[in-house]
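If you read the protein sequences in the order shown, they are chains G and P. Mind the numbering: the first sequence is residues 23 to 131 in the numbering used here, read in order. Mind the numbering: the second sequence is residues 6 to 167 in the numbering used here, read in order.
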Amino acid sequence: MNLINNLEFYLVFSSILFVLGLLAALTRRNAIGIFMGVELMLNAAGLNFVAFQSFRKNIGGGDWLHGHVFSLFIIILAAIEAAVALAIVLRIFAAKRNIDPYAATELRG
Amino acid sequence: MGTLSALLVAFHPNILYAAVSLIFSLLSVAGMYAALGADFLAAAQLIIYVGAIVVVILFAVMMSEDIYRGRLFDNFKRFLWPAIFSVVILSGVVKLLLQTNWSGIKDNFDRLPTTKAMGLALVGPYAIVFQYVAIVLLLGLIGAVVVARPEFHHGDHEEDQA
């Protein structure tokens, strides 16, 4: 069985990646760890888009590569999210001297 | 390799090693983009994720204080319910997509250069979304600068001294 030309291989891999990202986001007691889990989940979603795009039969005509464009948007939004999340982490670190999300439970403290 | 490094991202107690194994996980996803014929996306993944986001994460790892305190399963209760939840989700999804009869799916695909088609799509049916993403990027950068800006009032500074 050729794994490269097999849709289920990519789907199983991306679901494993998604679940591990979910587990990292749920169990880490560290804002950076949670953030890395979110990045893994975004990657899994983008990989699913590209896999379905590549194995799709071109039925309606006019191949615009929708899956690739959506995956590109996912990458761009992940970059924005990285910038904003790290700004918030910097701010919490300046106020609390650590980045434990369970310590940052108050607003305007 | 991707699964192994993603396991390390999820479970390694040292956040620095988890960040380094995140690099390998993202690299394997980039390799899968290349294997699926998405050459532009593989390059974008390499440049944006591995080049920019991981560097920012490694910069933020500096602020994590207890990175050398080895604790893998010392508080097992914290891992228990998320692990059960994740295993249930993973087994359900994998079972579902292995027994699905995918209709409308090619057995093989052609690896054409995708950059021209993606550029035409970005200025064609996705032009509004493209400009919207540009505005979101600008607002996100402005918001990040506003949030991360050091305060020049005297209140926070005295709290730091204490």
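For each residue, glycine too, the CB sits at the ideal point set by N, CA and C.
TODO: Pick out the complete alpha helix (DSSP H) segments inside the stretch 23-99 of chain G, 4 residues or longer, and give them in chain order.
DONE: 29-49, 53-76
Task: Three-state secondary structure assigned by DSSP to G129/P - done: coil
Task: Residue range of the unbroken alpha helix (DSSP H) whose run includes Y38/P - done: 20-40
Task: Host alpha helix (DSSP H) of I58/P (start-end) - done: Per DSSP, I58/P belongs to no alpha helix (DSSP H) and is neither H nor E.
Task: Simplified DSSP assignment, three categories, for A43/P - done: coil
Open item on the list: Given a cut-off of 9 Å on the beta-carbon distance, is the pair A11/P and L29/G in contact?
Closed with: no
TODO: Look up Q50/P in the DSSP assignment and say whether it is helix, strand or coil.
DONE: helix
Task: Test item: CB-CB of I147/P and A101/G under 9 Å - done: Contact: no.
Open item on the list: For a test of the three-state rule: what should DSSP assign to M67/P, helix, strand or coil?
Closed with: In the three-state scheme derived from DSSP, where H, G and I count as helix and E and B as strand, M67/P is classed as coil.
Open item on the list: Do I54/G and V66/P have their beta-carbon atoms positioned less than 9 Å apart in this structure?
Closed with: yes
- [ ] Count the other C-beta atoms from every protein chain shown that fall within 10 angstroms of the C-beta of S26/P, then say buried if there are 16 or more, exposed otherwise.
- [x] buried
Task: Whole-angstrom C-beta distance between F74/G and F92/G, which should lie under 8 Å - done: The pair is not a contact, with the Cβ atoms about 10 Å apart (cut-off 8 Å).
Task: Pair within 9 Å by beta-carbon distance, G68/G and L42/G - done: Taking the C-beta atoms as reference points, L42/G is found no nearer than 9 Å to G68/G.
Task: Contacts that A73/G makes with chain P (C-beta to C-beta distance below 7 Å) - done: L41
- [ ] Kindly indicate if chain G contains any beta-carbon less than 9 Å away from that of Y54/P.
- [x] yes
TODO: To the nearest angstrom, report how far apart N65/G and V55/P are at their CA atoms.
DONE: In a straight line, the C-alpha of N65/G is about 12 Å away from that of V55/P.
Open item on the list: Taking the straight line between their C-alpha atoms, what separation do you get for H90/G and G42/P?
Closed with: 10 Å
Open item on the list: What would DSSP say about G75/P, mapped onto helix, strand or coil?
Closed with: With a pLDDT of 49 at G75/P, under the threshold of 50, the modelled position of this residue cannot be trusted; read the value that follows with caution. Three-state DSSP puts G75/P in coil, outside helix and strand.
Task: Interface residues of the stretch 127-140 of chain P facing chain G [CB-CB below 8 Å] - done: L127, G129, P130, Y131, V134, V138
Open item on the list: Quick check on the burial criterion: 16 or more other C-beta atoms within 10 angstroms. Buried or exposed for D165/P?
Closed with: Below a pLDDT of 50, predicted positions are generally treated as unreliable, and D165/P, at 49, falls in that range; no measurement from the model is reported.
- [ ] Compare the C-beta of Y22/P against all C-beta atoms of chain A and say whether one is closer than 9 Å.
- [x] In the structure shown, chain A does not exist; the protein chains are G and P.
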